[in-house]
Amino acid sequence: MKTALITGITGQDGLYLAEHLTANGYSVYGLVHGQNNPRLSVVERIVPGVEFVEGDLLDQSSLIAALETCQPSDVYNLGAISFVGLSFKQAVLTGEVTGLGVVRVLEAIRTVNKEIRFYQASSSEMFGKVRETPQNEQTPFHPRSPYGVAKVYGHYITLNYRESYNLFACSGILFNHESERRGHEFVTRKITNGVAKIKLGMQKQLALGNLDAQRDWGYAGDYVRAMHLMLQQDAPEDYVIATGETHSVREFLEVAFSHAGLKWEDHVVSDPRFLRPAEVDLLIGDATKARTRLGWQPTVSFPALVARMVDNDIRLQEAALRRGVEEL
Ligand code: NAP
Ligand code: GDD
Numbered sequence: 306m307k308t309a310l311i312t313g314i315t316g317q318d319g320l321y322l323a324e325h326l327t328a329n330g331y332s333v334y335g336l337v338h339g340q341n342n343p344r345l346s347v348v349e350r351i352v353p354g355v356e357f358v359e360g361d362l363l364d365q366s367s368l369i370a371a372l373e374t375c376q377p378s379d380v381y382n383l384g385a386i387s388f389v390g391l392s393f394k395q396a397v398l399t400g401e402v403t404g405l406g407v408v409r410v411l412e413a414i415r416t417v418n419k420e421i422r423f424y425q426a427s428s429s430e431m432f433g434k435v436r437e438t439p440q441n442e443q444t445p446f447h448p449r450s451p452y453g454v455a456k457v458y459g460h461y462i463t464l465n466y467r468e469s470y471n472l473f474a475c476s477g478i479l480f481n482h483e484s485e486r487r488g489h490e491f492v493t494r495k496i497t498n499g500v501a502k503i504k505l506g507m508q509k510q511l512a513l514g515n516l517d518a519q520r521d522w523g524y525a526g527d528y529v530r531a532m533h534l535m536l537q538q539d540a541p542e543d544y545v546i547a548t549g550e551t552h553s554v555r556e557f558l559e560v561a562f563s564h565a566g567l568k569w570e571d572h573v574v575s576d577p578r579f580l581r582p583a584e585v586d587l588l589i590g591d592a593t594k595a596r597t598r599l600g601w602q603p604t605v606s607f608p609a610l611v612a613r614m615v616d617n618d619i620r621l622q623e624a625a626l627r628r629g630v631e632e633l
């Protein structure tokens with residue numbers, strides 16, 4: 306039986322990946338940071354077989370100890386400060402966790418077992434102020450946030466350890482992917498949760514920032530399949546994972562509100578607090594390499610993704626109303 310260690314198990318992708326690997330016969334460990342992490346019970350409920358090991362991307366010795374305990378064949382490094390907005394406010398911490406955290410995991414692998422296969426969660430945010438459209442594995446990077454800069458470091462240090470120490474280390478350059486499990490700080494979930502509350506009379510307005518930004522939005526469940534496929538190849542390489550379609554935040558609003566029988570113009574207000582010091586205007590990925598080499602393709606369309614997120618949030622908020630509490 307293969308054993309995988311996932312950092313960021315309590316996040317959106319960690320949960321989907323744990324489900325996917327468990328279903329494929331892996332023994333799965335999740336690295337958990339902090340004490341009494343409230344998200345642990347969610348992981349335990351959704352993927353009962355997962356075991357937990359303590360560790361923090363800020364703490365080198367805890368990562369070495371975690372690898373010694375789990376003896377994994379594969380490590381997926383999904384842990385990060387992943388919210389771009391927060392990275393502007395906590396730039397140094399973002400560099401430490403999202404950037405230097407990667408080299409700490411790679412050093413732990415080099416120390417404990419160089420045969421471990423490694424996946425790094427790189428990001429389309431690295432393309433930032435895009436140099437070409439669509440973006441592929443050869444497109445130069447121009448990050449626009451402390452988060453994007455930290456991810457560029459993580460990306461290149463993964464490549465460097467592959468070339469320097471012959472590690473099986475891959476980066477997936479993943480474009481935005483969403484789901485019912487997306488954190489509420491990200492625009493898609495903020496919108497679908499807002500739609501649900503407006504529909505049920507719990508809220509009247511939704512305050513947002515830049516509605517013109519365009520993103521290539523896919524479904525998270527599809528994207529974790531690609532992570533796993535990358536580590537099954539004969540040679541370690543980097544891959545862009547994307548749908549190849551782009552939509553603006555405004556289009557997302559239109560589809561989400563109309564799915565619930567509402568008009569977004571009646572409810573959305575502009576709030577400068579949600580604008581960023583520098584913005585990524587347009588992302589659209591070319592996943593030809595992943596399609597041809599990994600046989601990967603997305604299965605959930607943009608309207609279907611929006612609809613399932615809205616339906617889920619309406620269900621959650623209805624249940625919360627019945628219980629007399631707000632569903633988080
Ligand atoms: P997420 O929901 O924000 O999850 C981030 C995870 O990182 C959480 O489990 C968090 O733990 C953990 N973490 C934070 N600080 C840590 C630390 N110091 N030590 C160990 N773990 C720490 O992110 P996601 O959407 O699942 O994304 C997974 C990865 O893919 C991230 O690296 C993200 O940057 C990258 N990515 C995401 C997308 C996307 O569209 N979702 C696209 C490209 C790349 P707690 O919850 O316990 O704090
Ligand atoms: N979060 C948020 N909140 N974003 C808003 C809002 C708002 O109220 N109003 C407008 N936006 C715009 C942002 O300015 C951005 O242009 C876009 O909506 C998407 O923002 P997020 O959902 O926060 O995601 P992101 O694209 O910045 O980053 C996500 O995708 C990256 C991959 O491209 C994160 O998951 C990153 O971790 C990931 O690497």
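Numbers given in our numbering equal positions in the sequence shown, counted from 1, plus 305. Glycine included, each C-beta is placed from N, C-alpha and C at the ideal position.
_residue 615 burial status per 10 Å Cβ neighbour count (16 or more: buried)_ = buried
*For residue 618, I'd like the list of residues in its chain whose CB is within less than 6 Å of its CB, leaving aside the five on either flank, ordered along the chain.*
497, 498 and 501
*Given 8 Å as the limit, is there contact between the segment 574–593 and the segment 459–470, that is, 3 or more CB pairs closer than that?*
no
*Check each candidate in 562, 581 and 585 and name the one with the smallest Cα separation from residue 612.*
562
*asked:* Going by beta-carbon coordinates alone, are residue 359 and residue 337 separated by less than 8 Å?
replied: yes
*Can you check the segment 340–399 for any alpha helix (DSSP H) of at least 4 residues that lies completely inside it and give the ranges in chain order?*
345–351, 365–375, 389–394 and 396–399
*Grab me the residues of residue 495's own chain with a C-beta within less than 7 Å of its C-beta, minus the 5 sequence neighbours each way, in chain order.*
489
_Could you compute how far the alpha carbon of residue 378 sits from the alpha carbon of residue 408?_
18 Å
_Under the three-state DSSP convention, the category residue 464 falls into_ = helix
*Any chance the CB of residue 371 is under 7 Å from a heavy atom of the ligand NAD?*
Absence of the ligand NAD is noted for the structure shown, with the ligand NAP and the ligand GDD being the only ligands found.
_Can you find the residues in the same chain that come closer than 7 Å, C-beta to C-beta, to residue 367, ignoring five residues on each side of it along the sequence?_
359, 360 and 361
*List the endpoints of the continuous alpha helix (DSSP H) containing residue 331.*
Element bounds for residue 331: n/a, residue is neither H nor E.
*For residue 329, is the beta carbon positioned less than 7 Å from some heavy atom of the ligand NAP?*
no
*Three or more beta-carbon pairs under 8 Å between the segment 565–575 and the segment 500–514, yes or no?*
yes
_Quick check: the Cα distance between residue 603 and residue 453, rounded to an integer number of angstroms?_
24 Å
*4-residue-minimum alpha helix (DSSP H) runs that sit fully inside the segment 405–476, ordered along the chain*: 406–417 and 451–470
*Per DSSP, what kind of secondary structure is residue 604 in: helix, strand or coil?*
coil
*With a threshold of 7 Å, establish whether the CB of residue 442 neighbours any heavy atom of the ligand GDD.*
no
*asked:* Once DSSP output is grouped into helix, strand and coil, what is the label at residue 489?
replied: coil
*In three-state terms, what does DSSP make of residue 550?*
coil
*residue 310 bridges to which residues according to DSSP?*
334 and 380
*Can residue 470 and residue 404 be called in contact, C-beta distance under 8 Å?*
no
*Kindly indicate the opening and closing residues of the beta strand (DSSP E) around residue 574.*
573–575
*Do you know offhand how far residue 354's Cα is from residue 439's?*
40 Å
_Below 8 Å, how does it come out for the segment 315–328 and the segment 338–352: are there three or more Cβ pairs, yes or no?_
yes
*So, are the CB atoms of residue 584 and residue 515 less than 8 Å apart?*
yes
*Is it the case that the CB of residue 346 approaches a heavy atom of the ligand NAP more closely than 7 Å?*
no
_Residues near residue 551 by beta carbon distance below 7 Å, same chain, minus five either side_ = 519, 520, 521, 587, 588 and 589
*Residue closest to residue 412, alpha-carbon to alpha-carbon, out of 343, 575, 467 and 610*: 467
_the segment 532–542 contacting the segment 417–430, beta-carbon criterion three pairs below 8 Å_ = yes
_Classification of residue 456 by the beta-carbon crowding that lies within 10 angstroms, buried from 16 upward_ = buried
*Is there at least one non-hydrogen atom of the ligand GDD closer than 7 Å to the beta-carbon of residue 495?*
yes
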